[in-house]
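With the numbering used here applied, the sequence shown has no gaps in its numbers, which climb one by one up to 298 at the end.
Below is one structure, written out as structure tokens; the observations come after it.
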Amino acid sequence: MPDHAQVCVVGSANLDLVAGVARRPGPGETLLGHSYAEHPGGKGLNQAVAAARQGASTTFVGAVGADAAGERLTAVLTEAGCDVDAVLVVDTPTGRALIVVDDAGENSIVVIPGANDYCPTAHTPQGVLLVQLEVPMDVVAASVRAAKNAGCTVVLNPAPARDVPTEVLAAVDVIVPNEHEVELLGGVARLLDAGVGVVVVTRGADGAEVHRRDAAPIQIAAPAVTVVDTTGAGDTLSGTVAAALASGYDIDDAVRRGVIAGSLATTIAGAVPSIPTAAAVDALTP
């Protein structure tokens, strides 16, 4: 990837607490799990690691607690090659995600933001700005404004889905919701009408769709893989798309790389451990 490929990720960093179960429990039900693990995670951290593993020069802007979990997450980012100078250390516990993964590889997740509520704004982003919604909306909005003023491409992964101010949507070049999030945001047409440049709807094993104004959607197929754990697959896709855009790929090819990377991420347990390198994506790229 070219040396000028720059990605700034503003987002969350969490410690993932992962329980493995045969099936996920229903309301009021208690089940015995068969495994437990702790992994670095958080949508922001996952996406930053994904961009870095694709070869982009990646800066992570976020917040962690002054605790062992915060030190661990910062070390993971550093080891992945991310610039962590903008990571704020606060007197609030590092964020956690409680994740239940069933034997089919599907998951349910509860996020406790903790230190992520103090995530700083990216004041001087370069290249591509990638943001999600696990940090305060005012931070997202301010970072997007700074990015547009700096001439950056803005990519928004609207997860977890919640209302996004119209002025933020109007500044987004590429939005990457999954099939559930896009409906909660009012649908593809509403997002395009709000000023979003391109809507990329991810559909898991069915790949992704690329929607533009006044053009038929482009379907991007996913490679066939054996699914072990879907945790982090969407984040891997988003981070890879951002890195590809930063390196000059057009949106269709960027999404193609993202779909391949996201598919590969489902073949290994955990979020960060499963994120593939650029070479692994290249090997499956037509």
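Just so you know, even glycine gets a beta-carbon here, dropped at the ideal spot from N, CA and C.
Given the structure is predicted, the values throughout are model-derived calculations rather than measurements.
The residue from L145, A256, E179 with its alpha-carbon nearest to that of L203 is E179. In the DSSP annotation of this structure, the continuous segment of the alpha helix (DSSP H) that includes R269 starts and ends at 263-277. Around the beta-carbon of Y130, 16 or more other beta-carbon atoms lie within 10 Å, marking it buried. Setting aside the 5 residues that flank it on each side, L100 is surrounded in the same chain by A75, Y130, P132, each with a C-beta closer than 7 Å to its C-beta; the list follows chain order. Pairing V208 with V184 gives a Cβ-Cβ distance under 8 Å.
In this structure, the CA atom of P37 is about 12 Å from the CA atom of E118. Shown here for P52: same chain residues with a beta carbon closer than 6 Å to its own, the five before and five after excluded, namely L85, V88, V284 in chain order. The alpha carbon of Y48 has as its nearest neighbour, out of V143, A81, L141, L110, the alpha carbon of L110. Rounded to whole angstroms, T136 and C20 show a C-alpha spacing of 9 Å.
At the C-beta level, L257 and V271 stay beyond 8 Å of one another.
Nearest in C-alpha terms to D241, of all of A31, T279, T214, is T279. In the three-state reduction of the DSSP assignment, Q144 falls in the coil class, being assigned neither a helical nor a strand state.
In this structure, T106 sits near A81, with a CB-CB distance shorter than 8 Å.
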